[in-house]
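Under this note's numbering, the first residue of the sequence shown is numbered 21, with each subsequent residue one higher. Glycine included, each C-beta is placed from N, C-alpha and C at the ideal position.
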Amino acid sequence: MREPDNILEVGELEPDLMGFIFYDRSPRCVPAGFMLPSGLRKSIRKVGVFVNEGFDEITNKVRTHSLDFVQLHGNEPVTLSEKLKETGVGVIKAFSIDQHFDFDELNPYKGVVDFFLFDTKGKFYGGNASTFDWSLLNQYDQEVPFFLSGGVSSENVHDIAKLKGMNIHGVDINSSVEIQPGLKDIDAINDFLNILNSKF
Numbered sequence: 021m022r023e024p025d026n027i028l029e030v031g032e033l034e035p036d037l038m039g040f041i042f043y044d045r046s047p048r049c050v051p052a053g054f055m056l057p058s059g060l061r062k063s064i065r066k067v068g069v070f071v072n073e074g075f076d077e078i079t080n081k082v083r084t085h086s087l088d089f090v091q092l093h094g095n096e097p098v099t100l101s102e103k104l105k106e107t108g109v110g111v112i113k114a115f116s117i118d119q120h121f122d123f124d125e126l127n128p129y130k131g132v133v134d135f136f137l138f139d140t141k142g143k144f145y146g147g148n149a150s151t152f153d154w155s156l157l158n159q160y161d162q163e164v165p166f167f168l169s170g171g172v173s174s175e176n177v178h179d180i181a182k183l184k185g186m187n188i189h190g191v192d193i194n195s196s197v198e199i200q201p202g203l204k205d206i207d208a209i210n211d212f213l214n215i216l217n218s219k220f
């Protein structure tokens, strides 16, 4: 999210979390001088998305925008998650999944993150708009709750019901409900939520 009016429109749908990308190579990066619009529902937890950013820059953004969570979407070391957790902010660590992914890579992060986010391995740090084989999540021990990301849409939301026995905390939707990068289609989000709620 980055457009003030659109942020408030989506906020009226009462999502649990709303993401703001602070990675300047993303087409969805918030602009210089970005500030959250007044009137955003206080119940919505704000997530700042970062890629290989340093501790000082991340914590500065956390303070400036009153972020509830930081999502680390690059190759960040465990020590960064540890330092961030000590500040009191929630930590979501993203991992790019394909058939070669070794879920043992998650072990060092257990205890220093609140959630994992499983995205599709691709050319970009997120935003690849494609799904991975969700059956690969059967290899995960389910110790830490996770978000499902990567190409989640109204077309495949029915298949999320197959993950009911897993420690899935939520789903991350983005490009499938966009008019253009950073601008969300309210009707598309409503359609997605109606289908998701009917399945869960």
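Classification of residue i by the beta-carbon crowding that lies within 10 angstroms, buried from 16 upward
i	result
residue 73	buried
residue 219	exposed
residue 53	exposed
residue 93	buried
residue 199	exposed
residue 203	exposed
residue 75	exposed
residue 130	exposed
residue 118	exposed
residue 113	buried
Expected contact under 8 angstroms - CB spacing of residue i and residue j to nearest Å
i	j	result
residue 70	residue 90	6 angstroms
residue 24	residue 47	So it is not a contact: roughly 18 angstroms between Cβ atoms.
residue 33	residue 213	7 angstroms
residue 162	residue 186	6 angstroms
Residue i - DSSP class collapsed to helix/strand/coil
i	result
residue 193	coil
residue 200	strand
residue 60	coil
residue 132	coil
residue 91	strand
residue 179	helix
residue 121	coil
8 angstroms Cβ cutoff met for residue i and residue j
i	j	result
residue 192	residue 137	yes
residue 111	residue 87	no
residue 40	residue 85	yes
residue 141	residue 152	yes
residue 170	residue 150	yes
residue 64	residue 38	yes
residue 133	residue 174	no
residue 115	residue 125	yes
residue 209	residue 50	no
residue 68	residue 82	yes
residue 172	residue 196	yes
Endpoints, the beta strand (DSSP E) within which residue i is located
i	result
residue 54	Residue 54 -> no beta strand (DSSP E), and no H or E assigned at all.
residue 168	166–168
residue 206	From DSSP, residue 206 is part of no beta strand (DSSP E) but of the alpha helix (DSSP H) over 206–219.
residue 116	110–117
residue 37	37–41
Start and end residues, alpha helix (DSSP H) containing residue i
i	result
residue 76	75–85
residue 30	24–31
residue 66	Note, residue 66: premise wrong, no alpha helix (DSSP H); beta strand (DSSP E) at 65–70.
residue 99	98–106
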